[in-house]
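Peer 1: One structure, as structure tokens, below. Some questions next.
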Amino acid sequence: MSIIVQKFGGTSVANSQKILAAARKAIRAQQEGQQVVMVVSAMGKNTDLLIDLASQVNDRPPARELDMLLSTGEQVSVALMAMAIDSLGYKAMSLTGG
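Mapped onto the numbering used here, the consecutive letters of the sequence shown carry residue numbers 251 to 348.
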């Protein structure tokens, strides 16, 4: 069984229907014998919104704190993706870097 990485950008996970479509794509690959690793971005324009919010409170936010803020967008997406895969009857686990 080979490992494949599927990357889904913000537009591909912008809403619940698109998240479910991406989940189905990963499941199809798994059914075809692949071991699937999914990488998902923040939903839609979420990253842009977070950057804008950060700039409203600090015109030069510390890099570490900006990274922490921006990671929340991906955390939402990975959790929702794991939930979508579970709803389709398959196992998934969301992971973050650490």
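Virtual Cβ for every residue (Gly too), placed ideally from N, Cα, C.
1. Looking at the secondary structure, which residues open and close the alpha helix (DSSP H) in which residue 280 lies?
2. Let me confirm a value: residue 282 is counted as buried when at least 16 other C-beta atoms fall within 10 Å, else exposed. Which label applies?
3. Taking Cβ positions, are residue 275 and residue 306 nearer each other than 8 Å?
4. Where do the ends of the alpha helix (DSSP H) carrying residue 326 lie?
5. Excluding the 5 residues preceding and the 5 following residue 298 in the sequence, name in chain order all residues of the same chain whose CB lies nearer than 8 Å to its CB.
6. Cα separation between residue 310 and residue 284?
7. Excluding the 5 residues flanking residue 291 on each side, which residues of the same chain have their C-beta closer than 6 Å to its C-beta?
8. Considering residue 290, what are the terminal residues of the alpha helix (DSSP H) in which it resides?
9. Hey, residue 332 and residue 343 are a contact pair by Cβ (cut 8 Å); roughly how many whole angstroms apart?
10. What does DSSP give as the partner residues of residue 307 in its beta bridges?
Peer 2: In short:
1. 266-281
2. exposed
3. no
4. 313-337
5. none
6. 44 Å
7. Residues 259, 260 of the same chain have their beta carbon placed closer than 6 Å to that of residue 291, with the five preceding and five following residues left out of the count.
8. No alpha helix (DSSP H) contains residue 290, which is instead part of the beta strand (DSSP E) from 285-290.
9. 6 Å between Cβ atoms; contact.
10. Looking at the DSSP assignment, residue 307 forms no beta bridge with any residue, so it has no partner.
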